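In my numbering, the protein residues as written are 32 to 536.
Here a beta-carbon is modelled for each residue, glycine too, at the ideal position from N, C-alpha and C.
Predicted model only: the values in this text are computed from it and were never measured.
Comments concern the structure below.
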């Protein structure tokens, strides 16, 4: 077990004053803020440190972490802006006198999104003050397992001595260092939401949900958007659903470059488009010009420069913290140092997961609780032009764990009523329910493509956690006329080979 140096010795060596806390949290994102506020409400003396290094393009932001500043919140707002444009185009079919080719202003949208984010930044600071959590706009570095050095942008250092330390530093976008020009000229998801000028013709490199969501809302806002997909779209998600997402995007105007990787990005001057060269899987080369190139090829844990390795915290080669306790995933290899959120190896990189894990950890530390975070049956949604929401196992996971003969998959193609009058294409509105084949046919996974998919699946996620069976699902009366009712009406199995298209009430 690691032991801390005497705090007086550490303070003398660094020439800094020392403050005493029950808990110091490094990272002011969703998980870190939730953990710190919950711990303080339980009577602990808590400090939280947060500092944003500017992106390679110079973008920086305030308190709140990825979700608030460069993730879920601005993404969903821009996704909704794109859907609003689509609704406007369909409104004429309902009798609204909407002029054709209504223009969109990136500046108005960007200002609205950025102002909302700033209000959330301020709100988080107010909440910390109200909860008696001391906030340091400073970088945190673990001098030893009980001592955190806080360094401000001006170089002022403060030593914080803590009984427990929680690391919740999250992740930042990765860049392909092997691609000349990528670091110099490409932006990332850290930058797209804070751009003042319109992105124009945009290339999004990547096939993650970040990449596809961005390319999708840019297309919906009227920009020429291309997604460059190296191999598997939405890796880790059900691949039948992922292919539907990609096809829907393509049919709604997003260009898709399949099995391609960038080889170089060139710029002649700041006022000219970027020239991008790429390679296809068959070895062929191509190039095109783009106003904006966004890298969305993955994210890297922010764990390499905060002292974790030096004090003995076990991490994998990528920098994810390895949970070493069988029953308590957030406990690291150093007794009083914990990790929550995206930096935990093998855990979902989702805001609600980090928030719940942080709150439960606070109760274990300061309220004699033994309740652990359950990382199973966590629902999520991909906010592309057609929303994709899921909870539980994918078809591939179910087959791998149980075998094809042990599962039953019920599925349906359906047409939302709101698609009828505007004559919108519903070929990708699809759902499937994966169950055990043997009675009582417990539901293992649920997947939905369609409007408001996230709003629909949230309730079903509760049911799955309660042990939902196919009998219970199919005996539930649906709400008519909704897309949600198609989940309880589903009755055609893939095994039957019958046409799963819904044809009427």
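Contact belief for residue i with residue j at Cβ below 8 Å, rounded distance in angstroms
i: residue 515; j: residue 487; result: 5 Å
i: residue 333; j: residue 203; result: 6 Å
i: residue 220; j: residue 101; result: 6 Å
i: residue 222; j: residue 88; result: 5 Å
i: residue 166; j: residue 276; result: The Cβ separation is near 39 Å, so there is no contact.
i: residue 305; j: residue 320; result: 7 Å
i: residue 427; j: residue 440; result: Between residue 440 and residue 427 the Cβ distance is about 12 Å, and since that is not below 8 Å, they are no contact.
i: residue 564; j: residue 475; result: Absent from the model: residue 564. The displayed extent of the chain is 32 to 536, so no value can be given.
i: residue 173; j: residue 337; result: 6 Å
i: residue 415; j: residue 252; result: Going by Cβ atoms, the distance from residue 415 to residue 252 rounds to 14 Å, so no, they are not a contact pair.
Cβ neighbours of residue i in the same chain (closer than 6 Å, five flanking residues each side left out)
i: residue 329; result: 205
i: residue 210; result: 293
i: residue 61; result: 96, 98, 382, 385, 386
i: residue 51; result: 192
i: residue 237; result: 327, 328
i: residue 218; result: 88, 325
i: residue 109; result: 248
i: residue 53; result: 75, 76, 194
Other residues of its chain near residue i: CB distance less than 7 Å, five sequence neighbours each side excluded
i: residue 160; result: none
i: residue 393; result: 66, 69, 70, 73
i: residue 37; result: The predicted position of residue 37 is uncertain, since its pLDDT is 45 and thus under 50; no value can be drawn from it.
i: residue 405; result: none
i: residue 40; result: In this predicted model, residue 40 has a pLDDT of only 38, less than 50, meaning its place in the structure is not dependable enough to derive any value.
i: residue 162; result: 68, 71, 72
i: residue 34; result: Residue placement at residue 34 is flagged as unreliable, the pLDDT there being 39, under the threshold of 50; a coordinate-derived value is accordingly withheld.
Residue i vs residue j beta-carbon contact at 8 Å
i: residue 57; j: residue 179; result: yes
i: residue 93; j: residue 152; result: yes
i: residue 492; j: residue 408; result: yes
i: residue 344; j: residue 376; result: no
i: residue 413; j: residue 265; result: yes
i: residue 104; j: residue 164; result: no
i: residue 124; j: residue 374; result: no
i: residue 260; j: residue 245; result: no
i: residue 512; j: residue 433; result: no
i: residue 504; j: residue 417; result: no
i: residue 196; j: residue 367; result: yes
i: residue 121; j: residue 455; result: yes
i: residue 422; j: residue 477; result: yes
Counted within 10 angstroms of its Cβ, other Cβ atoms place residue i as buried (16 or more) or exposed
i: residue 530; result: exposed
i: residue 431; result: exposed
i: residue 355; result: exposed
i: residue 520; result: buried
i: residue 498; result: exposed
i: residue 201; result: buried
i: residue 130; result: exposed
i: residue 290; result: exposed
i: residue 528; result: exposed
i: residue 526; result: exposed
i: residue 420; result: buried
i: residue 225; result: buried
i: residue 106; result: buried
i: residue 263; result: exposed
i: residue 269; result: buried
i: residue 410; result: buried
Beta-carbon proximity list for residue i, same chain, < 8 Å, skipping 5 on both sides
i: residue 436; result: 468
i: residue 446; result: 457, 460, 533
- [ ] Scan the stretch 283-359 and note each continuous alpha helix (DSSP H) run of 4 residues or more that stays entirely inside, going in chain order.
- [x] 339-342
TODO: List in chain order: all unbroken beta strand (DSSP E) runs of 3+ residues lying wholly within the stretch 234-273.
DONE: 256-260
TODO: Give, in chain order, every unbroken run of the alpha helix (DSSP H) that is at least 4 residues long and sits entirely within the stretch 482-517.
DONE: 484-496, 501-505
Task: Uninterrupted alpha helix (DSSP H) stretches inside the stretch 399-481 (no shorter than 4 residues) - done: 426-433
Task: alpha helix (DSSP H) segments (min. 4 residues) lying fully within the stretch 128-191 - done: 137-161
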